[in-house]
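Remarks on the structure that follows.
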Amino acid sequence: MNNTLIIGQYVPGNSLVHRLDPRTKIVIIFFFVFFIFFANSPASYGLLTLFAITSALTTKIKLPYILKGLKPVWFLIVFTFFLHLFVTKEGEVLLHIFTYPIYSDAVSQGTAISLRFFLLIMVTSLLTLTTTPIEITDAIESLLHPLKRINFPVHELALMMSISLRFIPTLIQETEKISKAQASRGVDFKTGSIKDRMQAIVPLLVPLFVSAFKRAEDLAMAMEARGYQGGEGRTKLRQLRVEKRDILAYVLFVCVLIGLFFTRS
Amino acid sequence: MSGPLIEFQNVSFRYGEDQPWVLKNVNFTIGEGESIAIIGHNGSGKSTIAKLINGLLSPQAGKIFVDGMRVNEKNIWAVRKSVGMVFQNPDNQFVGTTVRDDIAFGLENRGIPREEMIRRIEECLTVVNMSDYVQHEPHRLSGGQKQRVAIAGVLAILPKVIILDEATSMLDPKGRSEIVDTVSALKNNRHMSFITITHDLNEIIHADRVIVMNDGELWLEATPRQLFTKKDELVQIGLNIPFVARLAEELTRVGVELEKHPLNHEELLEELWTYHSKM
Ligand SMILES: Nc1ncnc2c1ncn2[C@@H]1O[C@H](COP(=O)(O)OP(=O)(O)O)[C@@H](O)[C@H]1O
Ligand SMILES: [Mg+2]
Numbered sequence: 001m002n003n004t005l006i007i008g009q010y011v012p013g014n015s016l017v018h019r020l021d022p023r024t025k026i027v028i029i030f031f032f033v034f035f036i037f038f039a040n041s042p043a044s045y046g047l048l049t050l051f052a053i054t055s056a057l058t059t060k061i062k063l064p065y066i067l068k069g070l071k072p073v074w075f076l077i078v079f080t081f082f083l084h085l086f087v088t089k090e091g092e093v094l095l096h097i098f099t100y101p102i103y104s105d106a107v108s109q110g111t112a113i114s115l116r117f118f119l120l121i122m123v124t125s126l127l128t129l130t131t132t133p134i135e136i137t138d139a140i141e142s143l144l145h146p147l148k149r150i151n152f153p154v155h156e157l158a159l160m161m162s163i164s165l166r167f168i169p170t171l172i173q174e175t176e177k178i179s180k181a182q183a184s185r186g187v188d189f190k191t192g193s194i195k196d197r198m199q200a201i202v203p204l205l206v207p208l209f210v211s212a213f214k215r216a217e218d219l220a221m222a223m224e225a226r227g228y229q230g231g232e233g234r235t236k237l238r239q240l241r242v243e244k245r246d247i248l249a250y251v252l253f254v255c256v257l258i259g260l261f262f263t264r265s
Numbered sequence: 001m002s003g004p005l006i007e008f009q010n011v012s013f014r015y016g017e018d019q020p021w022v023l024k025n026v027n028f029t030i031g032e033g034e035s036i037a038i039i040g041h042n043g044s045g046k047s048t049i050a051k052l053i054n055g056l057l058s059p060q061a062g063k064i065f066v067d068g069m070r071v072n073e074k075n076i077w078a079v080r081k082s083v084g085m086v087f088q089n090p091d092n093q094f095v096g097t098t099v100r101d102d103i104a105f106g107l108e109n110r111g112i113p114r115e116e117m118i119r120r121i122e123e124c125l126t127v128v129n130m131s132d133y134v135q136h137e138p139h140r141l142s143g144g145q146k147q148r149v150a151i152a153g154v155l156a157i158l159p160k161v162i163i164l165d166e167a168t169s170m171l172d173p174k175g176r177s178e179i180v181d182t183v184s185a186l187k188n189n190r191h192m193s194f195i196t197i198t199h200d201l202n203e204i205i206h207a208d209r210v211i212v213m214n215d216g217e218l219w220l221e222a223t224p225r226q227l228f229t230k231k232d233e234l235v236q237i238g239l240n241i242p243f244v245a246r247l248a249e250e251l252t253r254v255g256v257e258l259e260k261h262p263l264n265h266e267e268l269l270e271e272l273w274t275y276h277s278k279m
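Written as structure tokens, this is what we have:
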């Protein structure tokens with residue numbers, strides 16, 4: 001069996017950021033992402049970058065590792081930069097690349113947008129790097145709790161998320177098993193045209209779906225047998241607690257926001 | 001002792017109006033602290049009985065009582081508190097993302113306070129010998145370990161009866177013996193009833209009484225020892241006779257008269273090595 005399977009990109013650790021209440025992390029990141037769009041001067045960008053880098057360092061996860069995790073979006077970041085570089089035609093001409101004029105605003109805007117993009121991705125990935133999926137689920141349940149009043153199924157949503165998390169590894173293992181079984185019967189997943197390969201997926205998906213439905217039915221039965229009757233009157237084993245460190249994190253973050261408004265031009 | 005813990009009175013059941021009867025006029029009682037085995041071929045209605053006991057299904061005819069309560073809409077949650085069920089597939093009854101969360105699930109459903117939950121989780125994991133796996137995710141556990149967690153989860157709600165519905169049938173021999181050992185330890189240490197559902201005659205030898213189902217009818221109620229004297233009939237209703245019982249019968253056929261019907265290897269050995277001295 002595959003014992004190293006990790007869901008998401010959580011890196012176990014015991015740093016301050018790891019130990020923060022997941023709600024604190026989500027709230028701060030939410031507002032950070034929002035306020036990134038208020039930055040408009042080099043100093044304000046510098047301040048936000050400083051905050052992001054400091055947070056990243058605090059996690060004690062190696063910075064190269066975090067940056068490597070951003071690999072899929074590096075291309076977008078670089079692409080955004082060059083797009084702005086060549087499309088924006090304001091400010092003074094700085095230089096010519098093969099007679100193509102590059103404007104000063106193009107450089108500054110390209111940098112700003114790419115930096116925003118970079119910060120946004122980096123800070124959100126800090127959440128998934130330092131928080132287990134189940135903690136995130138608990139936090140979402142707790143943060144959405146007020147929506148219960150308008151009959152939004154908060155508990156059900158959280159339960160759905162946690163059951164999905166529970167079954168993702170099981171289904172991955174099952175997919176591996178089925179694909180091996182089908183490969184041994186001669187189904188070829190790896191070669192042939194796109195169309196052939198798409199068709200090869202069918203004998204993989206059909207048994208997978210059949211078994212997933214069977215599992216769902218069994219699970220519903222087991223949950224009922226174990227006394228599940230919806231969110232009413234349930235107690236919770238996993239509890240979230242706001243500690244001193246959370247207050248500290250909020251205070252620091254508010255300071256950064258105040259700093260942001262003073263450094264804006 | 002008061003009345004029986006579980007009672008079926010003329011129970012009939014079918015899955016739909018246009019479907020055949022799955023249970024036909026079934027009657028039996030199970031006492032407190034009793035250990036019962038239900039056997040029968042595939043499709044004989046064993047799982048249906050289990051689901052009727054805790055109200056996952058309800059009968060079209062007849063009455064079912066659990067712990068003095070009629071099993072119906074009104075009592076269903078109280079009934080489910082008295083009845084713990086362990087199902088066949090170890091994966092499809094594991095709700096939590098970790099062992100600890102999974103055992104908590106049943107307790108959370110019943111609104112048990114958190115401190116009490118923590119105490120019971122620890123205790124039940126010790127009982128099934130899984131204390132070292134508290135934070136393990138299900139995909140890092142073997143089938144036998146998952147079933148032991150399922151048993152712990154059921155124990156945690158302090159039921160009066162535990163139903164194991166073919167709980168070992170998907171396990172390898174090691175996992176199977178883990179579960180058999182866990183259950184027999186429980187039988188010795190707790191005053192609880194056990195219903196072991198199986199189509200494997202090897203698993204009934206520890207039961208006080210065996211209920212044999214055949215095509216939705218209660219075919220026979222007997223002790224394990226009585227049962228093994230009816231080998232031909234058992235084979236006829238699609239059950240496999242265990243090796244020890246088959247050997248004993250073959251021996252009888254060739255003229256080796258054993259004193260009693262051996263149920264397991266030890267008893268057979270005992271019979272064989274004392275046989276000569278009795279001649
Ligand atoms: N959900 C269902 N819908 C319709 N028929 C069912 C359902 N579950 C079981 N049956 C039928 O009921 C009969 C008894 O099933 P079951 O109690 O599961 O048998 P056992 O557990 O002894 O193998 C079988 O013939 C089976 O096909
Ligand atoms: Mg069954």
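For the record, the sequence lines run as chains A and B. According to the UniProt record's numbering, the first sequence is numbered sequentially starting from 1. According to the UniProt record's numbering, the second sequence is numbered sequentially starting from 1. Each residue gets a CB set at the ideal place from its N, CA and C atoms; glycine is no exception.
Would you please verify whether the beta carbon of residue i is less than 7 Å from any beta carbon of chain A?
i	result
B:H136	no
B:N54	yes
B:H199	no
residue 283 of chain B	Nothing about residue 283 of chain B can be reported from this structure: the residues present for chain B run from 1 to 279 only.
B:R80	yes
B:T41	A small fix is needed here, since residue 41 of chain B is His in this sequence, not Thr. Not closer than 7 Å to any Cβ of chain A, the Cβ of B:H41 fails to qualify, so no.
B:H139	yes
Counting contacts by CB-CB distance shorter than 7 Å, is residue i in contact with chain B?
i	result
A:S162	yes
Sort the options by Cα distance to residue i and report the nearest one.
i	options	result
B:A248	B:H265, B:V66, B:L239 and B:L158	B:H265
A:R166	A:T137, A:L205 and A:L50	A:T137
A:L20	A:K214, A:A249, A:L205 and A:C255	A:A249
B:D101	B:Y133, B:N129 and B:N25	B:Y133
residue 333 of chain B	B:H136, B:M117 and B:T196	Past the boundaries of the shown model lies residue 333 of chain B; chain B is included only from 1 to 279, so the question cannot be answered.
A:S162	B:E137, B:T29, B:R148 and B:I179	B:E137
B:L5	B:V26, B:V71 and B:G16	B:V71
B:A150	B:P173, B:C124 and B:E17	B:C124
B:G153	B:I195, B:H276 and B:F87	B:F87
A:K68	A:A139, A:I121, A:P146 and A:L147	A:I121
B:I112	A:E243, A:R234 and A:T130	A:R234
A:T128	A:M221, A:T49, A:I61 and A:V242	A:I61
A:V123	A:F30, A:L260, A:S193 and A:L252	A:F30
B:Q236	B:E250, B:M213, B:L251 and B:E257	B:M213
B:E166	B:K24, B:I39, B:L258 and B:L272	B:I39
A:Y228	B:Q226, B:L155, B:E108 and B:W273	B:E108
Taking the CB atoms as reference points, tell me whether residue i and residue j lie closer together than 7 Å.
i	j	result
B:G216	B:W21	yes
B:V83	B:V161	yes
B:G144	B:G175	yes
A:A158	A:E174	no
B:N54	A:A225	yes
B:I64	B:L56	no
B:H191	B:G33	yes
A:E92	A:S104	yes
A:T54	A:D246	no
A:L119	A:I36	yes
A:A112	A:T263	no
B:A245	B:F228	yes
B:M85	B:I163	yes
B:P262	B:N202	no
B:T97	B:Q135	no
Run down chain D in chain order and give the residues with a C-beta less than 8 Å from the C-beta of residue i.
i	result
B:G153	Of the protein chains in the structure, A and B, none is chain D.
As an exercise, report each continuous alpha helix (DSSP H) stretch of at least 4 residues that is fully enclosed by the region 82-138 of chain B, in chain order. 99-109 and 114-127
When you check each C-beta in the region 157-183 of chain B against every C-beta of chain A, which residues fall closer than 8 Å? I157
Beta carbons nearer than 7 Å to chain A: which residues of the region 102-134 of chain B have them? A104, F105, G106, E108, N109, R110, G111, I112, P113, R114 and M117
Closer than 8 Å between beta carbons: that is the criterion. Which residues of the region 214-244 of chain A meet it against chain B? K214, R215, D218, L219, M221, A222, M223, E224, A225, R226, G227, Y228, Q229, G233, R234, T235, K236, L237, R238 and Q239
Closer than 8 Å, Cβ to Cβ, to anything on chain A: give me those residues from the region 85-97 of chain B, in chain order. M85, F87, N89, D91, N92, Q93, F94, V95, G96 and T97
Determine which residues of the region 152-182 of chain A have a Cβ less than 8 Å from any Cβ of chain B, and write them out in chain order. S162, I163, L165, R166, P169, T170 and Q173
Enumerated in chain order, which unbroken segments of the beta strand (DSSP E) with a length of 3 residues or greater are wholly contained in the region 99-132 of chain A? 100-103
Against chain B, which members of the region 128-146 of chain A pass a CB distance test of less than 7 Å? I134
Counting only runs that start and end within the region 139-212 of chain B, where is the alpha helix (DSSP H) found for 4 or more residues in a row? 143-155 and 173-189
Listed in chain order, which residues of the region 243-260 of chain B have Cβ atoms closer than 7 Å to some Cβ of chain A? none
Short-range partners of chain A found in the region 190-220 of chain B, where Cβ spacing is below 7 Å: none
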